[in-house]
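Trainee: Can you keep this structure in mind? I'll have questions shortly.
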Amino acid sequence: MKLEEIATQRVIETERFDLRPLRQSDQGMIEHYASDPRVAMATSSIPHPLPPGVIDAFIARATADPRTEDVWVMDGLKNGGAEVMGVISLTRLDRNQCEVAYWVAPAFWNTHLASEAVSALVAANPLGNAAMFASVYHDNPASAKVLTNAGFVYLGDAETYCLARNAAVPTWTYTRKL
Numbered sequence: 001m002k003l004e005e006i007a008t009q010r011v012i013e014t015e016r017f018d019l020r021p022l023r024q025s026d027q028g029m030i031e032h033y034a035s036d037p038r039v040a041m042a043t044s045s046i047p048h049p050l051p052p053g054v055i056d057a058f059i060a061r062a063t064a065d066p067r068t069e070d071v072w073v074m075d076g077l078k079n080g081g082a083e084v085m086g087v088i089s090l091t092r093l094d095r096n097q098c099e100v101a102y103w104v105a106p107a108f109w110n111t112h113l114a115s116e117a118v119s120a121l122v123a124a125n126p127l128g129n130a131a132m133f134a135s136v137y138h139d140n141p142a143s144a145k146v147l148t149n150a151g152f153v154y155l156g157d158a159e160t161y162c163l164a165r166n167a168a169v170p171t172w173t174y175t176r177k178l
């Protein structure tokens, strides 16, 4: 068995869990959580129902070199927790900026996991960006609170197409200078 590590993506440690690069062995748990309609409908990129091959393709893109998005898994094994509790990513944008996106498995909602993950990613600033952006759906104020707790500032309203809802959904957009 050969463990492959993405050389350009480091592990970011928090007290409760690690943000570590995505790996092929995460497929089963990510597929399990991503097939939950509550998770899919809170993201723009996860379709529901989840077609076969979507998570395989996601992992292939996330572990490719080069890539436009770095993906970390919220891994709680170091403290006896679950190996996959959620996913957080940074998508490269122009002008030394990136976009943060994340989801947390429903079993870990209301545990401040997302807040800790976003704050750790902002503090680490692994891409060395000057600014980060993020958007959340209007019907997900808990995610908006995660962003404001991490120092993001409201920028404005927009719309993002949601695959699971098959519709454009109103969003709040946030930014954070680094």
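Sequential numbering of the sequence shown, starting at 1, is according to the UniProt record's numbering. Idealized CB from N, CA, C, for every residue including glycine.
Please report the straight-line C-alpha distance between P52 and V104, rounded to a whole angstrom.
Mentor: Numbered from its first residue, the sequence shown carries residue 52 at position 52. Numbered from its first residue, the sequence shown carries residue 104 at position 104. Answer to the nearest angstrom: the Cα atoms are 21 Å apart.
Trainee: Where does M29 fall in DSSP's three states?
Mentor: In the sequence shown, the residue the question calls residue 29 occupies position 29. DSSP places M29 in helix when its eight states are reduced to three.
Trainee: Which same chain residues, not among the five before or five after L93, have their C-beta less than 8 Å away from its C-beta?
Mentor: The sequence position of residue 93 within the sequence shown is 93, counting from 1. Excluding sequence neighbours, L93 sits near E99, F133.
Trainee: Which value, in whole angstroms, describes the spacing of the CA atoms of A62 and A131?
Mentor: The residue labelled residue 62 in the question sits at position 62 within the sequence shown. The residue labelled residue 131 in the question sits at position 131 within the sequence shown. Cα to Cα, the separation comes out at about 21 Å.
Trainee: Pick from M85, Q27, R38, A124: whose alpha carbon is nearest that of L178?
Mentor: For the purposes of this step, residue 178 is identified with residue 178 of the sequence shown, where counting begins at 1. Checked all of M85, Q27, R38, A124; the closest Cα to L178 is A124.
Trainee: Just the C-alpha distance for T14 and Y154, rounded to the nearest angstrom, thanks.
Mentor: Locating residue 14 in the sequence shown gives position 14, where the first residue counts as 1. Locating residue 154 in the sequence shown gives position 154, where the first residue counts as 1. Each residue's Cα considered, the two are about 26 Å apart.
Trainee: Thinking C-alpha only, which one of V146, N140, L147, S89 is nearest W170?
Mentor: Taking the sequence shown and counting its residues from 1, the one referred to as residue 170 is at position 170. Inspection of the sequence shows that residue 170 is occupied by Pro rather than by Trp. Of V146, N140, L147, S89, the residue nearest in Cα terms is N140.
Trainee: D56: buried (16+ other C-beta within 10 angstroms of its C-beta) or exposed?
Mentor: Reading the sequence shown from its first residue, position 56 is the one you call residue 56. It counts as exposed.
Trainee: Taking the CB atoms as reference points, tell me whether I46 and A34 lie closer together than 7 Å.
Mentor: Residue numbering aside, residue 46 sits at position 46 when the sequence shown is read from its first letter. Residue numbering aside, residue 34 sits at position 34 when the sequence shown is read from its first letter. Yes; because the gap between Cβ atoms is below 7 Å, this pair is in contact.
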